[in-house]
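Chains as they are written, first to last, in my numbering: chain A, 658 to 958; chain B, 658 to 958. By construction, the Cβ of each residue, glycine as well, lies at the ideal position given by its N, Cα and C atoms. Notes follow the structure.
Protein chains: 2
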Amino acid sequence: MITVLSGGTGTPKLLQGLKEIVDPIDLTIIVNTLENEYFSGVYVSADIDTVLYTMSDMINDELWYGVKDDTFITHDRLNELGCTELLRIGDIDRATKIQKTQLMQRYGLLKACEIQAKGMGIKSKIIPMSEQNSDISIVTDIGELEFHDFLIKHQSKPEVLDVKFSKVAPSDGIIEAIRNSEAVIIGPSNPITSILPILSLDGVRDALKDTYVVAVSPIIGSDAVSGPASKFMKALGVDVSSIGVANLYHDFLDNIVIDNEDSNLKSQLNQIVNKVTITNTIMNSLGVKKNLAQIIIDSIP
Amino acid sequence: MITVLSGGTGTPKLLQGLKEIVDPIDLTIIVNTLENEYFSGVYVSADIDTVLYTMSDMINDELWYGVKDDTFITHDRLNELGCTELLRIGDIDRATKIQKTQLMQRYGLLKACEIQAKGMGIKSKIIPMSEQNSDISIVTDIGELEFHDFLIKHQSKPEVLDVKFSKVAPSDGIIEAIRNSEAVIIGPSNPITSILPILSLDGVRDALKDTYVVAVSPIIGSDAVSGPASKFMKALGVDVSSIGVANLYHDFLDNIVIDNEDSNLKSQLNQIVNKVTITNTIMNSLGVKKNLAQIIIDSIP
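Below, the structure written as structure tokens:
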């Protein structure tokens with residue numbers, strides 16, 4: 658069993674490779690839920706849906722959000738009506754969200770995700786990190802913003818001063834999944850808003866200390882491969898580099914995978930992490946994704 | 658000013674004719690809200706939406722429900738997912754419902770309808786009969802059913818023993834609208850589940866007594882032109898005929914419009930209502946709708 662900690666963009670790319678070389682039944686994916694909130698009457702758990710769509714080959718993997726070839730009839734009409742929907746929810750995607758909302762209200766988010774994954778033919782276990790609602794807010798130079806406001810409305814442009822999120826309880830089964838895994842892979846997701854929330858759950862860091870953990874750095878040079886990760890790292894006083902990433906995970910990390918371009922960081926990283934793996938981490942083709950996945954799997958002792 | 662009391666099928670047909678011969682700005686339409694409920698996270702007020710779509714020429718006037726030429730991508734996907742949506746909500750229609758839900762939560766239903774009507778270019782005033790949630794249940798030989806369960810899931814087939822609905826408060830402006838009108842038109846909607854709920858609002862019957870009221874009978878012979886009206890009338894011990902309809906409205910009715918086919922009922926009806934108007938009430942073309950509307954308008958003293 659391999660457990661993957663995932664956010665919404667970088668890690669799903671890696672999952673596309675992983676599911677080709679590992680039997681999906683042997684994968685457990687623990688997904689960030691911090692940014693979940695209601696939009697247009699439906700519960701939107703963007704990272705979970707991205708993982709569901711990735712594992713069922715439905716993902717729009719240009720945007721890493723929503724369903725490939727989806728239509729936007731309801732969304733566009735809402736805009737026409739002056740009732741702008743902050744998230745661009747497609748018509749097929751909306752059905753997923755309506756179903757999840759109903760299942761969640763009846764059975765809770767954990768069971769809802771299990772039912773949806775099964776319904777999409779997914780054999781891996783997809784676990785939302787928490788069933789509790791959490792708030793995340795981004796303190797910026799123009800004031801405190803809701804996460805999606807910052808990300809979409811303000812296109813991640815404001816200067817970030819701090820990132821705040823509430824403490825929530827881990828979903829049932831998370832600690833067991835980590836402890837029963839041969840290895841945990843921390844995907845190249847935003848360390849601050851996707852991975853730290855998972856790490857902040859009671860018991861997770863301790864469980865990781867007892868398990869082999871390999872992390873793929875989402876930073877190349879001094880910038881994130883995608884998204885506003887570097888802004889968030891800077892705001893929290895974390896060095897925007899693979900060194901900064903390693904420092905965030907230092908108490909449990911066994912192996913950090915960095916890009917060829919950062920090979921010069923190896924000796925510095927080795928003072929923080931036992932093993933440093935250097936390869937191509939820019940996952941712009943299925944070949945690269947599979948290759949990266951294979952290198953990670955091969956590195957597990 | 659003309660005020661129309663409306664349900665969801667028969668009266669909208671008449672509205673299509675009325676709005677061609679009366680300046681829409683002189684029309685106020687009070688709409689049944691009894692069957693309103695949440696579906697898939699959005700507030701569904703089927704009769705209000707039918708009136709909105711009718712007055713904005715968007716109505717699917719084969720089904721008298723939803724938007725003409727709408728698509729059903731989300732709805733069909735929900736069915737595929739095994740998350741059956743009892744009401745067939747189209748993609749454009751869903752946007753209307755999402756907008757109404759959001760406006761309603763912010764401003765209440767009355768203001769929400771006003772904003773939506775304005776947004777659709779409607780000049781008439783469309784007033785939901787009440788802003789309060791109400792329950793309607795149909796007591797049948799197979800048990801007590803929710804209204805939409807009876808209507809859609811059970812296709813109006815069970816024997817109806819009783820119809821129960823909760824008492825709600827009238828929306829602001831209803832009594833004034835009736836009192837300030839030259840005439841009130843009761844459209845050929847289901848007398849039991851669409852019109853009686855409006856009549857049961859405090860003050861409505863009294864206001865109608867002081868206003869000229871013309872009702873179009875939805876019954877021809879001993880059957881309703883459409884829908885399960887006759888079952889409901891029978892269950893409440895009301896004669897299924899224009900006589901039964903006249904009796905329901907007898908305390909305020911000035912003129913009943915019946916179909917040519919029922920001309921034999923004239924003298925019997927004249928014992929209940931002052932004036933009986935006989936014409937073609939089967940509104941299967943715009944010509945018939947306009948003609949019927951003209952006859953009604955001409956009958957107002």
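- Query: Is there at least one Cβ from chain A nearer than 8 Å to residue 783 of chain B's Cβ?
  - Reply: Cβ-Cβ to chain A under 8 Å: no for residue 783 of chain B.
- Query: Excluding the five sequence neighbours on either side, which residues of its own chain have a C-beta within less than 7 Å of the C-beta of residue 670 of chain A, listed in chain order?
  - Reply: Closer than 7 Å at the Cβ level, and outside the excluded window around residue 670 of chain A, lie 940 and 946.
- Report all residues from its chain with a CB closer than 7 Å to the CB of residue 710 of chain B; omit the five preceding and five following residues, and keep chain order. Counting only Cβ-Cβ distances below 7 Å, and skipping sequence neighbours, we find 716 and 724.
- Are the C-beta of residue 728 of chain B and some C-beta of chain A separated by less than 8 Å? Contact with chain A is found for residue 728 of chain B, since one of that chain's Cβ atoms lies less than 8 Å from the residue's Cβ.
- Is the beta carbon of residue 663 of chain B sitting closer than 8 Å to the one on residue 830 of chain B? No, the Cβ-Cβ distance between residue 663 of chain B and residue 830 of chain B is not below 8 Å.
- Item | Residues, ordered as in the chain, of the segment 936-955 of chain A that lie near chain B by beta-carbon distance below 7 Å | Contacts with chain B (Cβ-Cβ distance below 7 Å) from the segment 936-955 of chain A involve no residue at all.
- Message: Give me the subset of the segment 699-731 of chain A whose CB atoms are less than 8 Å from a CB atom of chain B, sorted by chain position.
- Response: Per Cβ criterion, the list reads 699, 728, 730 and 731.
- Got a sec: which bits of the segment 742-760 of chain A sit with their beta carbon under 7 Å from any beta carbon on chain B, in order along the chain? Look at the segment 742-760 of chain A: the residues with a C-beta under 7 Å from a C-beta of chain B are 748, 749, 751, 752, 755, 756, 758 and 759.
- The beta strand (DSSP E) enclosing residue 826 of chain A, as first and last residue numbers: That residue, residue 826 of chain A, is in no beta strand (DSSP E); it is neither H nor E in DSSP.
- Query: Taking the C-alpha atoms as reference points, what is the distance between residue 961 of chain A and residue 958 of chain A?
  - Reply: With chain A covering 658 to 958 only, the question about residue 961 of chain A has no answer from this structure.
- Bridge partners - residue 869 of chain B, DSSP secondary structure assignment: Beta-bridge pairing links residue 869 of chain B to B/840.
- Around the C-beta of residue 779 of chain B, are 16 or more other C-beta atoms found within 10 angstroms, so that it is buried, or is it exposed? So residue 779 of chain B ends up on the buried side.
- Message: Against chain A, with Cβ distances strictly below 8 Å, would residue 770 of chain B count as a contact?
- Response: It does not: the Cβ of residue 770 of chain B has no partner Cβ on chain A nearer than 8 Å.
- At which residues does the beta strand (DSSP E) containing residue 696 of chain B begin and terminate? Residues 694-696.
- Can you tell which of A/784, A/728, A/896 and A/936 has its C-alpha closest to the C-alpha of residue 748 of chain A? From the listed residues A/784, A/728, A/896 and A/936, the smallest Cα separation to residue 748 of chain A is found for A/728.
- Task: Spell out whether any CB of chain B is found under 8 Å from the CB atom of residue 763 of chain A.
- Result: No, residue 763 of chain A does not count as interfacial toward chain B.
- Query: What first and last residue would you give for the alpha helix (DSSP H) that runs through residue 927 of chain B?
  - Reply: Residues 923-927.
- Going by CA-CA distance only, name the one from A/815, A/806 and A/767 that's closest to residue 787 of chain A. Minimum Cα distance to residue 787 of chain A is reached at A/767.
- Continuous alpha helix (DSSP H) stretch holding residue 669 of chain B: start and end: In the DSSP assignment, residue 669 of chain B falls within the alpha helix (DSSP H) that extends over 667-678.
- Message: Assuming contact is defined by CB atoms lying nearer than 8 Å, are residue 661 of chain A and residue 852 of chain A in contact in what I supplied?
- Response: In this structure, residue 852 of chain A does not lie closer than 8 Å to residue 661 of chain A by Cβ.
- Query: Mind pulling the chain A residues with CB within less than 7 Å of residue 738 of chain B?
  - Reply: Ordered by position in chain A, the residues that pass the 7 Å Cβ test against residue 738 of chain B are 752, 756 and 776.
- Task: Check the Cβ of residue 697 of chain B against every Cβ in chain A and list those closer than 7 Å, keeping chain order.
- Result: Correct list: 755.
- Report the residue ranges of all alpha helix (DSSP H) runs contained in full by the segment 779-821 of chain A; include only those spanning at least 4 residues, in chain order. Segments of the alpha helix (DSSP H) lying fully in the segment 779-821 of chain A: there are none.
- Output yes if chain A places a C-beta closer than 8 Å to the C-beta of residue 767 of chain B; else output no. Answer no: the Cβ-Cβ gap between residue 767 of chain B and chain A never drops below 8 Å.
- Does the segment 755-763 of chain A come close enough to the segment 683-702 of chain A to have 3 or more Cβ pairs within less than 8 Å? Under the 8 Å Cβ criterion, the segment 755-763 of chain A counts as touching the segment 683-702 of chain A, having at least three qualifying pairs.
- Query: Does residue 862 of chain B get closer than 8 Å to chain A when you measure Cβ to Cβ?
  - Reply: Judged by the 8 Å Cβ criterion, residue 862 of chain B is not in contact with chain A.
- Query: What does residue 684 of chain B pair with, by DSSP beta-bridge criteria?
  - Reply: Answer is B/659, bridged to residue 684 of chain B.
- Item | Own chain, CB closer than 7 Å to residue 769 of chain B, minus 5 neighbours either side, in chain order | Annotation for residue 769 of chain B: 757, 760 and 761 place their beta carbon closer than 7 Å to its own, counting only its chain and skipping 5 residues before and after.
- Query: residue 734 of chain B touches chain A at which residues, Cβ-Cβ below 7 Å?
  - Reply: When 7 Å is used as the limit between beta carbons, residue 734 of chain B is near these residues of chain A: 749 and 752, in chain order.
- Query: Does DSSP put residue 706 of chain A in a helix, a strand or coil?
  - Reply: Three-state DSSP puts residue 706 of chain A in a helix.
- Message: Short of 8 Å in beta carbon distance, which residues of its chain neighbour residue 949 of chain A, apart from the five on each side in sequence? Order them along the chain.
- Response: So the list reads 671, 674, 873, 914, 936, 937, 938 and 940, once near-sequence residues are dropped.
- Query: Under a three-way DSSP split, which group does residue 728 of chain B fall into?
  - Reply: Under the three-state reduction of DSSP, residue 728 of chain B is assigned to coil, being neither helix nor strand.
- Determine the direct distance from the alpha carbon of residue 744 of chain A to that of residue 733 of chain B, and round the result to whole angstroms. Taken atom to atom, the span from the alpha-carbon of residue 733 of chain B to that of residue 744 of chain A is near 22 Å.
- Query: On the three-state DSSP scale, how would you describe residue 700 of chain B?
  - Reply: Secondary structure at residue 700 of chain B: strand, using DSSP grouped into helix, strand and coil.
- Tell me, please, which residues DSSP counts as bridged to residue 915 of chain A. BP columns for residue 915 of chain A point to A/935.
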